[in-house]
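*Asks:* Here it is, the structure in full.
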Amino acid sequence: MRLVELKISTASQGGHAVVSVYGEVDLYTAPRLQTELAALVRDGVSRLVVDLSGVEFCDSTGMNVLLSAMKRMREHGGSLELAAPRSAVRRILQVTGLDTVFSVHDAVPAFGRT
Numbered sequence: 049m050r051l052v053e054l055k056i057s058t059a060s061q062g063g064h065a066v067v068s069v070y071g072e073v074d075l076y077t078a079p080r081l082q083t084e085l086a087a088l089v090r091d092g093v094s095r096l097v098v099d100l101s102g103v104e105f106c107d108s109t110g111m112n113v114l115l116s117a118m119k120r121m122r123e124h125g126g127s128l129e130l131a132a133p134r135s136a137v138r139r140i141l142q143v144t145g146l147d148t149v150f151s152v153h154d155a156v157p158a159f160g161r162t
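Its first residue numbered 49, the sequence shown is counted upward by one per residue in my numbering.
In structure tokens:
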């Protein structure tokens, strides 16, 4: 089994949170991201931005984690947005059509802005 490093850091202000993800999101690392996002949903965050600028690779498991987190956010009246995906991740979003499902920003939005 390969050792894949995944780093996740969260900054929150008011009801908004930015989760910065670094490394690879795949079958082995996606559960950590899922745990982090689920905790924010439980905490009642209304706007969740996932900063993908540090993600080198994201497979279908990672995409499913993001989709399920977005669904849970919507059920609680909130939103989940993606920010600054690298070209490889952006291609996956485009090929799967998920770029029309998620709100995707070229850069991480500042708190309090859209």
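Built from N, CA and C at the ideal position, the CB exists for glycine as well. Here the structure is a predicted model, which is why all the values come from computation and not from measurement.
Which whole-angstrom value describes the C-beta separation of residue 76 and residue 102, a residue pair presumed to lie in contact below a C-beta threshold of 8 Å?
*Replies:* By one-based count along the sequence shown, residue 76 stands at place 28. By one-based count along the sequence shown, residue 102 stands at place 54. Actually they are not in contact, since the Cβ atoms of residue 76 and residue 102 sit about 17 Å apart, beyond 8 Å.
*Asks:* Excluding five sequence neighbours on each side, which residues of the same chain lie with their C-beta closer than 8 Å to the C-beta of residue 132?
*Replies:* The residue labelled residue 132 in the question sits at position 84 within the sequence shown. For residue 132, where only same-chain residues beyond five positions count, the Cβ hits under 8 Å are 99, 100, 101, 153, 154, 155, 156.
*Asks:* Pick helix, strand or coil for residue 158, following the three-state DSSP scheme.
*Replies:* Along the sequence shown, read from residue 1 onward, the residue named residue 158 stands at position 110. It is coil, neither helix nor strand.
*Asks:* Buried or exposed: where does residue 59 fall if 16 or more other Cβ atoms within 10 Å of its Cβ makes it buried?
*Replies:* Within the sequence shown, numbered from 1, the residue matching residue 59 stands at position 11. By the 10 Å Cβ count, residue 59 comes out exposed.
*Asks:* Just verifying my parser: in three-state terms, what is the DSSP assignment at residue 148?
*Replies:* As a position in the sequence shown, residue 148 is number 100, starting the count at 1. Correct three-state label for residue 148: helix.
*Asks:* Between which two residues does the beta strand (DSSP E) harbouring residue 102 extend?
*Replies:* Translated into the one-based positions of the sequence shown, residue 102 becomes position 54. Looking at the DSSP string, the run of the beta strand (DSSP E) that includes residue 102 is 95-106.
*Asks:* So the candidates are 104, 146, 125; which of them puts its Cα closest to the Cα of residue 63?
*Replies:* Residue numbering aside, residue 63 sits at position 15 when the sequence shown is read from its first letter. Ranking 104, 146, 125 by Cα distance to residue 63 puts 125 first.
*Asks:* Are the beta-carbon atoms of residue 74 and residue 109 separated by less than 8 Å?
*Replies:* The count along the sequence shown starts at 1 and reaches residue 74 at position 26. The count along the sequence shown starts at 1 and reaches residue 109 at position 61. Closer than 8 Å, so yes.
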